[in-house]
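Okay, structure first, notes after.
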Amino acid sequence: MYATITRTRALSKSMKEIRGLVKDHVPDLSKVEGLVAYYVVQIGEDQWLTFGVFEDEVSAVKWRDSCQELVQKSRVDEFISRDAGDRGFARGKVIFSSKS
Numbered sequence: 741m742y743a744t745i746t747r748t749r750a751l752s753k754s755m756k757e758i759r760g761l762v763k764d765h766v767p768d769l770s771k772v773e774g775l776v777a778y779y780v781v782q783i784g785e786d787q788w789l790t791f792g793v794f795e796d797e798v799s800a801v802k803w804r805d806s807c808q809e810l811v812q813k814s815r816v817d818e819f820i821s822r823d824a825g826d827r828g829f830a831r832g833k834v835i836f837s838s839k840s
């Protein structure tokens with residue numbers, strides 16, 4: 741399994757408005773083969789983290805590419821900070837997992 745983590749900060753739009761844009765498009769992303777789970781966690785008034793879990797690295801890369809296309813099409817990129825200090829992305833092999 742592979743996982744991705746992103747951190748993003750909103751600019752002028754409220755989290756509620758951005759959440760609506762994301763919700764409108766996440767069903768499209770769920771069609772990406774190899775996606776196991778996807779979570780969006782609000783960590784402040786204007787910040788959030790996303791966690792994606794995938795069957796393999798190829799699926800994680802396809803997900804990243806699909807997300808970049810979607811962000812541009814959905815106008816979400818107009819409302820998020822491009823400052824490197826406000827954004828982050830990492831991916832890697834899952835070395836431990838547990839389910840309840």
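Going by my numbering, the first residue of the sequence shown is number 741, and it counts up by one from there.
For each residue, glycine too, the CB sits at the ideal point set by N, CA and C.
Only a predicted model underlies this, so the values are computations on that prediction, with no experimental measurement involved.
Residue i versus residue j: straight-line alpha-carbon distance, rounded
i              : j              : result
isoleucine 758 : isoleucine 835 : 32 Å
alanine 800    : tyrosine 779   : 14 Å
cysteine 807   : glutamine 782  : 18 Å
valine 762     : serine 837     : 27 Å
glutamate 785  : valine 798     : 33 Å
tryptophan 803 : glycine 760    : 20 Å
Close-in-space but distant-in-sequence residues of the same chain around residue i (CB under 8 Å, 5 per side omitted)
i             : result
glycine 832   : Tyr742 and Ala743
aspartate 796 : Met741, Tyr742 and Gly774
Same chain, Cβ closer than 6 Å to residue i, five either side skipped, listed in chain order
i             : result
arginine 747  : Leu789 and Gly828
glutamine 787 : Arg749
Per-residue burial, residue i [other beta carbons within 10 Å of its own, 16 or more giving buried]
i           : result
alanine 750 : buried
serine 840  : exposed
glycine 792 : buried
Span of the beta strand (DSSP E) around residue i
i                 : result
isoleucine 745    : 742-749
phenylalanine 791 : 787-794
Beta bridge counterpart(s) of residue i as assigned by DSSP
i                 : result
phenylalanine 829 : Thr746
valine 780        : Thr790
leucine 775       : Phe794
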